[in-house]
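Peer 1:
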Amino acid sequence: MVLNKFRLNLKSILAYGALIAFSMPIFLVFLWLVITTFSTRTEGLESLGWTLSNWSFLWKSPFGPKFQSIWIVTLNTFILATVMTTIVVFVSAMSAYALSRMKFAGRKGFLSATLILHAFPSVTLLIPIYFVLRWITKVPIIGQGLPLIGGFGFNTIGGVALVMVAFQLPFGIWIMKGFFDNISWDMERSALIDGASRFQVWWKILMPNIKPGIAALSIFAFISAWNAYIIPFTFTVGRAGKSTVLSVYIQNFMSESVMTEWNMVAAVGLFQLIPVLIFFFFTQEALLNIYGGGAKGGA
Amino acid sequence: MSDNFQLERERSSLSSFPDSKSLFSKLKSGLLPYAFLTPTLIVVTLFFFIPLVMVFILSFTNLDMTNFGILKWWQPANWTLDNYVKIFTNRFFPRILNNTLMYVSMTLIFFNVGMALVIALITTNINRRVGFTFRLIWLMCRLTPVVVYIMMWKALAGPAPMGVINKHILGPLGIGTGEYLLNTNPWLFIILVNGFIGASFGMIIFSSAIEAIPKDYMIASKVDGASTWQTIRYITIPMIRWPLLFVTTYQTLSLLTSFEQILLLTNGGPGLYETEVWSLTAYHRAFSSYFGNTQWGYGSAWAVVLVIIGIVMAIVYLRVFKFNELIQEPKIDQL
């Protein structure tokens with residue numbers, strides 16, 4: 230018995246030991262980030278002096294007066310993430326409703342296409358998408374004349390958001406359809422008998438009932454837009470142009486020269502990470518579930 | 037005869053009852069599903085279907101920055117197979133192919149499937165709360181903005197005395213000369229950096245699959261005196277073979293087309309094409325050629341090869357994973 234208990238302990242010590250050893254790089258990188266942002270200089274994880282001056286970017290432009298204030302860039306990123314999240318949630322909820330509740334010619338083809346697109350590597354289409362965006366730019370007003378988002382063409386926040394929406398939609402439709410499928414249709418049917426239109430039913434009866442689904446998809450979409458690098462980098466121009474987002478902003482000053490101010494760049498990086506961390510702490514369960522949910526069909 | 041006629045009349049009047057709606061409302065309800073689908077159709081057409089056709093056409097042309105606006109790339113008269121010949125006769129083609137195969141297979145084996153399975157197995161066998169926390173920690177890598185994530189790894193690999201590994205591990209052990217590890221071991225870091233992001237996908241799918249295995253099996257194997265290893269080998273692994281196959285195929289495709297991390301970490305360097313993979317080549321040719329000449333046509337040809345692999349694999353998913361069964365008829369239709 231004693232031996233048994235000892236063996237059990239040994240086994241769990243081994244398990245915890247292995248887990249911590251494997252996860253070590255993750256602890257190290259985040260520890261480095263936090264230490265560096267509050268140090269004048271670092272050697273490894275050792276700080277050579279503590280300071281708050283790396284955070285001065287909050288009130289003055291970090292890379293000289295000719296570059297934009299961090300708040301404009303943050304606002305751009307926030308607008309991008311919000312626009313993209315809103316469109317993804319509404320558009321995928323509409324399509325998912327039709328796919329879940331209506332019979333129509335081409336439904337099967339549409340669903341298969343959604344599934345194929347879900348697995349399809351969309352990054353391979355970046356080159357032609359570049360041309361599509363340049364065409365949209367030529368459309369008056371929608372192209373590049375809208376306030377706040379700039380429009381939906383090349384080098385605008387709206388254009389970048391729209392491309393990200395396209396990449397995110399198959400996943401979103403798939404998730405939303407799962408939530409619609411799980412709602413009993415009695416409620417919906419009684420509303421229809423009472424004379425509500427399908428659109429009213431969707432908006433007033435079903436949408437309030439899939440709040441967990443909307444929340445999960447929103448968090449996921451928001452974080453992926455907030456973190457995005459390759460799409461904004463490819464489809465906007467200039468290191469600190471009018472449509473620059475945080476990822477592009479940081480990266481440009483990292484590759485700049487040998488004289489990179491690592492501590493300040495790290496601080497800007499942590500600044501970008503903070504909203505993600507906040508989301509992360511409040512929505513853990515939803516995040517772990519949505520990844521499982523996204524692949525439930527296959528698994 | 038007349039009875040029959042009567043019946044026929046009754047039946048036809050019955051069946052025509054819902055048709056009492058006007059033609060307009062019939063048309064309206066018939067078109068309604070498409071109204072719901074319109075926004076998706078617009079976006080998907082603009083950013084999937086048109087680009088899909090275009091990438092094939094562009095790959096047959098030599099469109100680049102110098103002849104943009106002059107070359108009529110949409111005319112079949114201007115189409116050739118030159119780009120494909122150029123790919124396969126490229127001096128660096130063997131190296132790029134080799135890099136791609138190594139990158140995909142190593143990351144897949146050691147992390148996206150291997151490490152994912154190990155973490156899933158450990159975290160489902162220890163205290164629930166602790167296991168959950170560790171899974172979240174691994175998910176963190178995926179949720180960190182990729183630019184920040186790469187910056188942290190660059191700091192880890194940095195030269196002595198700044199780099200964490202050089203300062204705290206290699207230095208005290210007296211290994212190496214404190215060089216920038218991304219220059220001395222670029223592949224190790226590319227696999228680690230991608231692996232720590234990639235492992236979380238498999239980890240989550242595996243751990244939910246493992247938690248879904250009925251506890252009876254585990255208890256039965258324990259009663260029969262199986263060791264933990266035997267239980268894993270003969271119960272858990274066979275029970276999650278579908279998720280295993282799914283993650284393997286899905287992650288193969290996503291690794292094959294992912295280049296963001298490599299672009300930020302080594303950008304294909306440190307030597308000539310030393311860490312350049314297939315998808316990164318497509319990107320470099322089309323968007324950031326070193327000579328300031330972006331070759332959209334040539335880059336498209338590199339991308340088309342991946343597009344074809346993507347389409348084939350997507351269709352395989354539909355067949356192998358019986359996605360068709362998920363496409364059942366909807367319960368509610370018209371009222």
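Chains as they are written, first to last, in our numbering: chain A, 230 to 528; chain B, 37 to 371. Even for Gly, the Cβ is constructed at its ideal location relative to N, Cα and C. Since this is a predicted model, take the numbers as computed values, not measurements.
Any contact of the region 191-203 of chain B with the region 108-125 of chain B, i.e. 3+ C-beta pairs under 8 angstroms?
Peer 2: Segments in contact, no.
Peer 1: Looking only at C-alpha atoms, which of Pro-254/A, Val-302/A, Pro-437/A and Val-361/A sits nearest to Val-474/A?
Peer 2: Among Pro-254/A, Val-302/A, Pro-437/A and Val-361/A, the Cα nearest to that of Val-474/A is on Val-302/A.
Peer 1: Taking only beta carbons into account, state which residues of the region 85-100 of chain B come closer than 7 angstroms to chain A, listed in chain order.
Peer 2: Result list: Ile-86, Pro-87, Leu-88, Met-90, Val-91 and Leu-94.
Peer 1: Flag Leu-287/A as yes if its beta-carbon sits less than 8 angstroms from any beta-carbon of chain B, otherwise no.
Peer 2: Not closer than 8 angstroms to any Cβ of chain B, the Cβ of Leu-287/A fails to qualify, so no.
Peer 1: Among residues of its own chain, excluding the 5 on either side of Gln-297/B, which ones have a beta-carbon nearer than 6 angstroms to its beta-carbon?
Peer 2: If we look at Gln-297/B and ignore the five residues flanking it on each side, its Cβ neighbours are Val-229 and Asn-230.
Peer 1: Check each residue of the region 437-453 of chain A: if its Cβ is closer than 8 angstroms to any Cβ of chain B, include it; give the result in chain order.
Peer 2: So the close ones are Ile-452.
Peer 1: Return yes when the Cβ of Val-263/A is within less than 8 angstroms of the Cβ of Pro-75/B, no when it is not.
Peer 2: Contact flag unset, no.
Peer 1: Let's see if you can read the secondary structure: which residues bound the alpha helix (DSSP H) around Met-198/B?
Peer 2: Run containing Met-198/B: none; DSSP gives neither H nor E here.
Peer 1: Are the region 489-503 of chain A and the region 145-153 of chain B touching, with three or more C-beta to C-beta distances below 8 angstroms?
Peer 2: With the cut-off at 8 angstroms, the region 489-503 of chain A and the region 145-153 of chain B do not touch.
Peer 1: Quick one: what does DSSP say Val-487/A is sitting in, helix, strand or coil?
Peer 2: Note that Val-487/A scores 49 on pLDDT, short of 50, meaning its location in the model is unreliable; the coordinates nonetheless yield the value given after this. Val-487/A falls in the coil class under three-state DSSP.
Peer 1: Anything in chain A within Cβ reach of Trp-174/B, meaning under 8 angstroms, just list it in chain order.
Peer 2: Within 8 angstroms Cβ-Cβ: Ser-252 and Ile-255.
Peer 1: I need the boundaries of the alpha helix (DSSP H) containing Trp-300/A, first residue and last residue.
Peer 2: Where Trp-300/A is concerned, the enclosing alpha helix (DSSP H) stretches over 299-330.
Peer 1: Apply the 10 Å Cβ neighbour rule to Leu-82/B and answer buried if 16 or more other Cβ atoms are within range, or exposed otherwise.
Peer 2: Its Cβ being crowded by 16 or more others within 10 Å, Leu-82/B is buried.
Peer 1: I'd like to know whether the C-beta atoms of Leu-94/B and Trp-332/B end up nearer to each other than 8 angstroms.
Peer 2: Yes, these two residues count as a Cβ contact at 8 angstroms.
Peer 1: In terms of DSSP beta bridges, what is Trp-403/A paired with?
Peer 2: DSSP output for Trp-403/A lists no bridge partner at all.
Peer 1: What does DSSP give as the partner residue(s) for Glu-272/A in the beta ladder?
Peer 2: In the DSSP output, where bridge partners are listed per residue, Glu-272/A has Glu-275/A.
Peer 1: Would the region 403-422 of chain A count as touching the region 326-338 of chain A if we require 3 or more Cβ pairs under 8 angstroms?
Peer 2: A contact exists between the region 403-422 of chain A and the region 326-338 of chain A.
Peer 1: Checking 8 angstroms against the spacing of the C-beta atoms, do Trp-223/B and Thr-159/B come in under that value?
Peer 2: No, these two residues do not count as a Cβ contact at 8 angstroms.
Peer 1: Taking CB distances under 8 angstroms as the criterion, tell me whether Gln-429/A reaches chain B.
Peer 2: Output row for Gln-429/A: interface = no.
Peer 1: Which residues in chain A have a C-beta closer than 8 angstroms to the C-beta of Lys-203/B? List them in chain order.
Peer 2: Those are Glu-272, Gly-273, Leu-274 and Glu-275, listed as they occur along chain A.
Peer 1: So is Trp-300/A buried or exposed if we call it buried at 16+ other beta carbons inside 10 Å?
Peer 2: With fewer than 16 Cβ atoms within 10 Å of its Cβ, Trp-300/A is classed as exposed.
Peer 1: Give the straight-line distance between the Cα atoms of Gln-287/B and Phe-60/B, rounded to the nearest whole angstrom.
Peer 2: The alpha-carbon atoms of Gln-287/B and Phe-60/B are separated by roughly 49 angstroms.
Peer 1: Looking at Val-80/B: is its Cβ nearer than 8 angstroms to the Cβ of Val-340/B?
Peer 2: Contact: no.
Peer 1: Count the other CB atoms within 10 Å of the CB of Gln-501/A; is the residue buried (16 or more) or exposed (fewer)?
Peer 2: Burial call: buried.
Peer 1: For the alpha helix (DSSP H) containing Leu-281/A, name the first residue and the last one.
Peer 2: Where Leu-281/A is concerned, there is no enclosing alpha helix (DSSP H), given that its DSSP letter is neither H nor E.
Peer 1: So that I know if they touch, is there some Cβ in chain B lying closer than 8 angstroms to that of Gly-498/A?
Peer 2: True, the Cβ-Cβ gap to chain B drops below 8 angstroms.
Peer 1: In whole angstroms, what is the alpha-carbon distance linking Ala-337/B and Ile-344/B?
Peer 2: When rounded, the distance between both Cα atoms is 11 angstroms.
Peer 1: Could you tell me whether the region 177-193 of chain B touches the region 250-265 of chain A, where touching means 3 or more Cβ pairs closer than 8 angstroms?
Peer 2: Output reads yes: the region 250-265 of chain A touches the region 177-193 of chain B.
Peer 1: When DSSP labels each residue in this structure, what does Leu-243/A get in the three-state scheme?
Peer 2: Three-state result, Leu-243/A: helix.
Peer 1: Using 8 angstroms as the limit for Cβ to Cβ distance, is Phe-511/A near chain B?
Peer 2: With 8 angstroms as the cut-off, Phe-511/A does not count as an interface residue toward chain B.
Peer 1: Which residues bound the alpha helix (DSSP H) around Thr-463/A?
Peer 2: Where Thr-463/A is concerned, the enclosing alpha helix (DSSP H) stretches over 459-464.
Peer 1: Distance check for Phe-259/A and Val-283/B, CA to CA, integer angstroms please.
Peer 2: Straight-line Cα distance between these residues: approximately 27 angstroms.
Peer 1: Leaving out the 5 sequence neighbours to the left and right, which residues in its chain are closer than 7 angstroms to Lys-108/B when beta-carbon positions are compared?
Peer 2: Excluding positions up to five away in sequence, the list reads Asn-114.
Peer 1: DSSP on Leu-375/A, reduced to helix/strand/coil?
Peer 2: Of the three classes helix, strand and coil, the one that applies to Leu-375/A here is strand, per DSSP.
Peer 1: Residues of chain B with CB under 7 angstroms from Thr-463/A, in chain order?
Peer 2: Within chain B, the residues near Thr-463/A are Phe-323.
Peer 1: In terms of residues, what are the limits of the alpha helix (DSSP H) holding Val-61/B?
Peer 2: Note that residue 61/B is Ser in the sequence shown here, rather than Val. First-last of the alpha helix (DSSP H) with Ser-61/B: 59-80.
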